[in-house]
Amino acid sequence: KAGVTQTPRYLIKTRGQQVTLSCSPISGHRSVSWYQQTPGQGLQFLFEYFSETQRNKGNFPGRFSGRQFSNSRSEMNVSTLELGDSALYLCASSLRGSVGAYGYTFGSGTRLTVV
Amino acid sequence: AQTVTQSQPEMSVQEAETVTLSCTYDTSESDYYLFWYKQPPSRQMILVIRQEAYKQQNATENRFSVNFQKAAKSFSLKISDSQLGDAAMYFCAYQVSGAGSYQLTFGKGTKLSVIP
Chain A
22 KAGVTQTPRY LIKTRGQQVT LSCSPISGHR SVSWYQQTPG QGLQFLFEYF
72 SETQRNKGNF PGRFSGRQFS NSRSEMNVST LELGDSALYL CASSLRGSVG
122 AYGYTFGSGT RLTVV
Chain B
587 AQTVTQSQPE MSVQEAETVT LSCTYDTSES DYYLFWYKQP PSRQMILVIR
637 QEAYKQQNAT ENRFSVNFQK AAKSFSLKIS DSQLGDAAMY FCAYQVSGAG
687 SYQLTFGKGT KLSVIP
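Respectively, the protein sequence lines represent chains A and B.
For the first sequence, my numbering assigns the number 22 to the initial residue and increments by one for each residue that follows.
For the second sequence, my numbering assigns the number 587 to the initial residue and increments by one for each residue that follows.
As structure tokens, then:
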């Protein structure tokens, strides 16, 4: 079956702009999580959605937001981009999200560069 | 807050040899899951192995095994018969068990090189 699909793979934006990243989970998976990966901070949790509801949010400013649609696809949005937002953004899906035994399946990420 | 520490930023191993990657974590929880993920240059995080904290038996997946020491809060990964395809970043991760916990906490990673 198809894996987790993230689009686009690469993105270059200018400071002050906004950006929307997309994630399509594995069919049947209802939980979608987002992570930011940078060389300095490593992998940091952004937020998690289940059945269109945000259940958990990491320690990021309000410029970072997301949503999940009825088909479980998710988008994350970053407004007023800053240079420090340059990162690899990873999406992960799981059946339920809260049970570690099921694990998470990750996508290949979107590489965002802010100039 | 839970933290995960990987003290080895980089490691190398000869092909066909064995290597052990270290991971320690800090938590006050008693029930949780631990994971090792591999991230090759393709960027996709791939689950290598997982351990449930309430199970004393160490998890094994083919050439990959863990040494889980709950009291010491240690979770090392052993790769036997290393192959060129094992070269990647390896991340140790932690998740509290149960409803209400929806995130993984990752270590900073260990870059593993495999020497032919």
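All residues carry an ideal CB built from backbone N, CA and C; glycine is no exception.
Note that the structure is a prediction, hence the values are computed from the model and not measured.
What separation, rounded to the nearest whole angstrom, lies between the Cα atoms of residue 73 of chain A and residue 604 of chain B? 45 angstroms
Judging by CA-CA distance, which residue of A:82, A:40, A:135 and A:87 is the nearest neighbour of residue 104 of chain A? A:135
Per the contact definition of three or more C-beta pairs closer than 8 angstroms, is the segment 106–114 of chain A in contact with the segment 36–55 of chain A? yes
Distance, residue 639 of chain B Cα to residue 616 of chain B Cα: 7 angstroms
Can you tell me whether residue 690 of chain B is helix, strand or coil according to DSSP? coil
Note down the Cα distance separating residue 89 of chain A from residue 75 of chain A, rounded to an integer number of angstroms. 8 angstroms
For residue 654 of chain B versus residue 64 of chain A, is the C-beta spacing smaller than 8 angstroms? no
Chain A contact for residue 631 of chain B (CB, 8 angstroms cutoff): yes
Just to confirm before moving on: does the CB-CB distance between residue 680 of chain B and residue 690 of chain B stay below 8 angstroms? yes
Alpha carbon to alpha carbon, what distance is there between residue 107 of chain A and residue 57 of chain A? 9 angstroms
Within 8 angstroms of any Cβ in chain A, is that where the Cβ of residue 695 of chain B sits? yes
Nearest candidate by alpha-carbon position, reference residue 607 of chain B, set B:601, B:591, B:613 and B:614: B:591
What does the Cβ neighbour count give for residue 658 of chain B, buried or exposed, with the cut at 16 atoms within 10 Å? exposed
Closest to residue 80 of chain A by CA distance: which of A:28, A:66, A:39 and A:128 is it? A:66
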